[in-house]
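Worksheet: the structure to be examined is printed underneath.
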Amino acid sequence: MSSSSLFATKRVAELARLELSSAEAIRIQTELTSILQFVEVINELDLEGVEPFFGFRAAMADAPKSPLRNDLSAASVSRDRMLSNAPVSDGQFYLVPPVFDSTAE
Amino acid sequence: MNLAELSVSEIVQAIETDALTTAQCLDHFRAQTAAWNPRINALIEIDYSEFGFGNQPLTPAEADRPLDLLGIPIAVKVGICTRRLKTTAGSSMLRDFVSPYEATVITKLLRAGAIVIGKANMDEFAMGSSTETSFFGPTRNPWDLSRVPGGSSGGSAAAVAAGLVPLALGSDTGGSIRQPAAFCGITGLKPTYGLVSRYGLIAFASSLDQIGPMGRTAEDIGVLLNVIAGHDPFDATSSPRSPTNYLTNLNADLSGKRIGYCRSQLQAPVSPQITNVIEQALSVFESLGAELVSLDLPHERYAVAAYYLIAPSEASSNLSRYDGVHYTTRADAEDLDQTYTKTRSQHFGDEVKRRILLGTYALSSGYYDQYYLRASKVRRLIQQDYDRAFAKVDLIAGPTTPTPPFGLGQQIDDPLQMYLADVFTVSANLAGIPAISVPAGFVDGLPVGLQLQGPAFSESLLLNVAHQFQTATAWHRRRPQ
């Protein structure tokens, strides 16, 4: 987007499943361009040989292995309760429109 | 008995000894809520029916465990899942969502005898520093209704400041507990990453998010921290460390404690009036016997940039689940792909869209190395700065924010300006260390916060130093009119 292409904004929007009006796309592009220009400051740093850090994990500090548990199934939240927030459901599944428009050839 | 002036422990003790009933306690806070909430919009869901097992108020004799929060009404940020009351995360996307399960912190609160009386307003999906991006309208600062309470936990902060509740839960990803605590003149703590379970917190940035306590004093929030901290098997990032009592050392004296400060945090862009407040606070520590040590955090100037690459990247992933399929809200569409696109486009606000787009871009093929990976290396340098600092000092003190609370509408159209409000808070999230904000003074009648940062798992020390500061000063006792 730092190459100022409206097409690029729309492409990223597609990846994120967002649809922007032309006016929105222009405004967001301006905002994102200025944000990206701001974050360029990190390019001042020589990061050769620096290990990335993806977050503090006390579990790793205190116990090097990933936390594991025995593979035992236990009661969980009931299906009814889980489906209580379904926009459309048949009581068993979440229902969605077809992947392809049913009128498509 | 003036409940507005009692500490949480004093209220609990009064209820335990029958000097006060739970009903009387709730009546007081309900009246405060009726008087203030219509003006400040701190709580967007309110329910005073009593909780607790069997809906009866518990007594210590009936329970088989300590009830450290017996009868205490608590406001919960609306991004934390509760079984009753909606969990909307401040978004149209979740406007009708009632969670099928409750967050681990809620289970712990209820088991300790607390009563969840409402959900507190927040910036949409925790993205913001002013509580102006909420779908449910902004929250106003009780100290000046034309100003923001800060964000994203602005509702929680305003609720405590206006006396609607003595305690609230917030969440902090880049400063979202500490900055509103500073703007509202209250005390708020972001715990060490992993100390408090994130199970049931609607995720924004999973390597940065933490739930934390907010209240009027370090002592009060310590009571809440004791209840919510601890390992949770439902959160794989939760620390296996055994919980400790974070109030044990509350009254330890400060002689010999080394408190670091950065000269860079006492000059522009920090307002000179805030610098003055912070310098006075540092003198208080000196007078209490602490040793002040000047130090540098050389990579602090890259922290906001690193944060605004990492957090949106993680958010773009976390928010991909909101697709119109599972969580109540769905736009009309002919096919599945359009369902995703239209639901997301219609029900996410502008700031959320901005951050999703930024994050999607920073992670996309060809850009991951340049943006997300580089930012994660900067994150390593920031973490190392703190390791070096804590070899020389016990804590670092400085301003929580560079400016006093700004006006509603003043910064909302300038995202970058808004992001710079987080300059002193994001580093603690990036490194995973704990940090607390305490009221330290006023500028033109508006609250100013002092931030204390400590090494991982140093909450006991943070609460101790904050408490001693609150014993020597009275800023935290002032109330908005």
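The listed protein sequences correspond, in order, to chains A and B. Anchor point for the first sequence: position 69 equals 69 in our numbering, and the numbering is continuous, going up by one each time. Anchor point for the second sequence: position 16 equals 1016 in our numbering, and the numbering is continuous, going up by one each time. Where is the CB? At the ideal position from N, CA and C, for every residue including glycine. Keep in mind it's a predicted model, so treat the numbers as computed, not measured.
Residue of the options minimising C-alpha distance to residue i
i, options, result
"Val50/A", "Gln1417/B, Lys1377/B and Phe1442/B", "Lys1377/B"
"Ser1007/B", "Ala1034/B, Asn1037/B, Ala1428/B and Pro1073/B", "Pro1073/B"
"Asn1318/B", "Val1160/B, Val1277/B, Lys1342/B and Phe1204/B", "Phe1204/B"
"Gly1409/B", "Gly1150/B, Pro1272/B and Ile1221/B", "Gly1150/B"
"Thr1033/B", "Ser1009/B, Ala1004/B and Ile1011/B", "Ala1004/B"
"Val1148/B", "Lys1119/B, Ile1436/B, Met1001/B and Gly1185/B", "Gly1185/B"
"Leu1309/B", "Asp1369/B, Lys1257/B, Leu1297/B and Gly1289/B", "Asp1369/B"
"Ile1259/B", "Asp1394/B, Phe1097/B and Asn1141/B", "Asp1394/B"
"Asp1422/B", "His1476/B, Met1127/B and Val1116/B", "Met1127/B"
"Asp1172/B", "Ala1161/B, Gly1163/B, Leu1164/B and Ser1156/B", "Ser1156/B"
"Phe1442/B", "Pro1272/B, Arg1388/B and Ala1391/B", "Pro1272/B"
"Gly1305/B", "Ser22/A, Thr9/A, Arg69/A and Asn43/A", "First, the amino acid is wrong: residue 1305/B is Ala here, not Gly. With distances taken between Cα atoms, Ala1305/B lies closest to Asn43/A."
"Tyr1322/B", "Phe1097/B, Cys1262/B and Ser1207/B", "Phe1097/B"
"Leu1110/B", "Leu1069/B, Leu1225/B and Leu1363/B", "Leu1069/B"
"Phe56/A", "Glu1062/B, Ile1177/B, Leu1195/B and Leu1363/B", "Leu1195/B"
"Lys1108/B", "Ala1089/B, Tyr1048/B, Ala1159/B and Leu1169/B", "Leu1169/B"
"Asp1296/B", "Ile1382/B, Arg1355/B, Ile1412/B and Ala1218/B", "Ile1382/B"
"Asn1121/B", "Ser1207/B, Glu1062/B, Pro1038/B and Asp1064/B", "Pro1038/B"
Pairwise C-alpha distance: residue j and residue i
i, j, result
"Lys52/A", "Arg1374/B", "According to the sequence shown, residue 52/A is Pro rather than Lys. Looking at the two C-alpha atoms, the distance is approximately 8 Å."
"Tyr1193/B", "Pro1100/B", "26 Å"
"Ala1014/B", "His1467/B", "22 Å"
"Val99/A", "Ile35/A", "36 Å"
"Asn1245/B", "Thr1131/B", "33 Å"
"Leu20/A", "Leu1358/B", "14 Å"
"Leu1167/B", "Glu48/A", "46 Å"
"Gly1054/B", "Phe1457/B", "Interpretation of Gly1054/B is limited by its pLDDT of 36, a score under 50 that renders its predicted location unreliable; the figure taken from the coordinates is listed afterwards. Going by the C-alpha atoms only, they are around 36 Å apart."
"Val1012/B", "Ile26/A", "56 Å"
"Leu45/A", "Phe1029/B", "52 Å"
"Ala1085/B", "Thr1328/B", "According to the sequence as given, residue 1085/B is Leu; it is not Ala. Cα-Cα distance, rounded: 15 Å."
"Pro1415/B", "Glu31/A", "7 Å"
"Pro1243/B", "Pro1213/B", "16 Å"
"Val88/A", "Tyr94/A", "6 Å"
"Gly1052/B", "Asn1226/B", "At Gly1052/B the pLDDT is 41, less than 50, meaning the model places this residue with poor confidence; the figure from the coordinates comes in the next sentence. In a straight line, the C-alpha of Gly1052/B is about 19 Å away from that of Asn1226/B."
"Glu1334/B", "Ser1238/B", "42 Å"
Interface partners of residue i on chain A, CB under 7 Å
i, result
"Asp1335/B", "Pro97, Pro98, Val99, Phe100 and Asp101"
"Val1325/B", "Tyr94 and Val96"
"Gly1432/B", "Gly55 and Phe56"
"Ala1305/B", "Phe38, Val39, Val41 and Ile42"
"Lys1190/B", "Chain A residues near Lys1190/B: none, gap ~12 Å exceeds 7 Å."
"Arg1380/B", "Val50, Glu51, Pro52 and Phe53"
Closer than 7 Å: residue i CB and nearest the ligand MN heavy atom
i, result
"Thr1192/B", "You won't find the ligand MN in this model; it holds no ligand whatsoever."
For residue i, three-class secondary structure by DSSP
i, result
"Ala86/A", "coil"
"Glu51/A", "coil"
"Cys1025/B", "helix"
"Ala1268/B", "coil"
"Val1116/B", "strand"
"Met1258/B", "Before going on, a small fix: residue 1258/B reads as Arg here, not Met. Arg1258/B: strand per DSSP, three-state reduction."
"Glu1016/B", "helix"
"Asn1464/B", "helix"
"Tyr94/A", "strand"
"Met1214/B", "strand"
"Pro1416/B", "It is worth fixing the name first, because residue 1416/B is Leu in this sequence and not Pro. Of the three classes helix, strand and coil, the one that applies to Leu1416/B here is helix, per DSSP."
"Asn1037/B", "helix"
"Asn43/A", "helix"
"Ile1485/B", "With chain B covering only 1001 through 1481, there is no way to say anything about residue 1485/B."
"Leu1043/B", "strand"
"Lys1077/B", "strand"
"Phe1125/B", "helix"
"Ala18/A", "The identity of residue 18/A in the sequence shown is Leu, whereas the question assumes Ala. Three-state result, Leu18/A: coil."
Cross-chain neighbours of residue i in chain B, by beta carbon under 7 Å
i, result
"Phe54/A", "Ser1207 and Ser1376"
"Ala86/A", "His1326"
"Ala16/A", "Ser1316, Ile1356, Leu1357 and Thr1360"
"Ala13/A", "Leu1357"
"Ser34/A", "Leu1416"
Within chain A, partners of residue i - CB distance below 9 Å
i, result
"His1347/B", "Simply none; closest approach about 11 Å."
"Ala1035/B", "Neighbours of Ala1035/B on chain A: none; closest Cβ ~34 Å, over 9 Å."
"Thr1329/B", "Pro87"
"Phe1097/B", "Asn85"
Chain-ordered neighbours of residue i on chain A, where CB pairs are closer than 8 Å
i, result
"Gln1383/B", "Phe53 and Phe56"
"Lys1342/B", "Glu19"
Where residue i meets chain B, residues with beta-carbon distance less than 8 Å
i, result
"Arg79/A", "By Cβ distance, chain B contributes nothing, its closest Cβ being about 10 Å from Arg79/A, past 8 Å."
"Leu72/A", "Within chain B, no residue comes near Leu72/A; the closest Cβ sits about 12 Å away, beyond 8 Å."
Proximal residues of chain B, C-beta to C-beta of residue i below 9 Å
i, result
"Ile28/A", "Asp1350, Lys1353, Arg1354 and Leu1357"
TODO: Mind listing, in chain order, the continuous beta strand (DSSP E) runs of no fewer than 3 residues lying wholly within the stretch 1268–1298 of chain B?
DONE: Listed in chain order, they are 1291–1295.
TODO: Note down, one range per segment and in chain order, each beta strand (DSSP E) of at least 3 residues found wholly within the stretch 1286–1368 of chain B.
DONE: Contiguous beta strand (DSSP E) elements confined to the stretch 1286–1368 of chain B occur at 1291–1295, taking only those with 3 or more residues.
_Quick check for students: name the residue ranges of the alpha helix (DSSP H) that lie wholly in the stretch 1175–1235 of chain B, counting only runs of 4 or more._
The stretch 1175–1235 of chain B contains, as complete alpha helix (DSSP H) runs of 4+ residues, the segments 1178–1184 and 1218–1228 (chain order).
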